[in-house]
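Visitor: In terms of this note's numbering, the sequence shown opens at residue 4 and continues consecutively. Don't be surprised by glycine CBs; every beta carbon is placed ideally from N, CA and C. All values reported here derive from a predicted model rather than from experimental measurement.
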Amino acid sequence: MTLTAGVLAVQGDVSEHAAAISDAAETHGETADVVEIRQSGIVPDCDLLAIPGGESTTISRLLDREGIAPEVVDHVEAGKPVLATCAGLIVCSTDANDDRVDTLDLLDVSVERNAFGRQKDSFEAPLDVTGLDEPFHAVFIRAPVIDEVGDAEVLASWDDRPVAVRDGPVVGTSFHPELTGDSRIHDLAFFE
Ligand code: GLN
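Written as structure tokens, this is what we have:
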């Protein structure tokens, strides 16, 4: 079966997400037709969605301006999966503690942007993730801290802080799972 996979292409890491999605699909004997999303009208045809990192204020503004935001909400209401990474997680949260981000309220967590500490702007960590047999090498870049978890499952934590969560069809990560050539988080989000 060929799946239509949408990658929000406002900013960052689009080809890396596309590669990870194709890889994960292949593991399940499926193929993915990856489409880039920059305007409305595409999300309704997508079976799954990735919302990459970048700058959450910019992503939020474009989602609103282009009319993509309500389509993403409809996608999740229809039970279709989303993987939201880093800034994507911020945009999907219920509270970003920043008025410039109009959150989509798809993941019942509140987040604090850039809150892992200045000296830790970027770091890497081996993470134990629920559902994965071996640790996942996670790359954090100016990552958000998840400071409150409502009705969502914590899939992984680092330093006693949740860094991967699931809320129904939506998986959010503080880190960038697309950067290491390991598609297991995409697999978890889209095919489990
Ligand atoms: N610091 C960014 C923000 O707050 C997120 C960083 C990222 O996506 N790597 O929007």
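#1: With HIS179 and VAL142 assumed to form a contact (beta carbons below 8 Å), what rounded beta-carbon distance in angstroms separates them?
#2: Ordered along the chain, which non-local residues of its own chain (more than five positions away) have a Cβ less than 7 Å from that of SER96?
#3: In terms of residue numbering, what span does the alpha helix (DSSP H) encompassing HIS189 cover?
#4: Which of helix, strand or coil does DSSP assign to LEU135?
#5: Looking at SER25 and the ligand GLN, is the gap between the Cβ and the nearest heavy atom below 7 Å?
#6: Taking the C-alpha atoms as reference points, what is the distance between GLY15 and PRO55?
#7: For ARG169, list the residues DSSP reports as bridge partners.
#8: Measure the C-alpha to C-alpha separation of PRO172 and GLY134 and round it to an integer number of angstroms.
#9: Taking only heavy atoms of the ligand GLN into account, decide whether any of them is closer than 7 Å to the Cβ of ASN100.
Guide: Quick look at the numbers:
#1: 5 Å
#2: THR106, LEU110, VAL112, SER113, VAL114
#3: 187-194
#4: coil
#5: no
#6: 6 Å
#7: GLU156, VAL174
#8: 15 Å
#9: no
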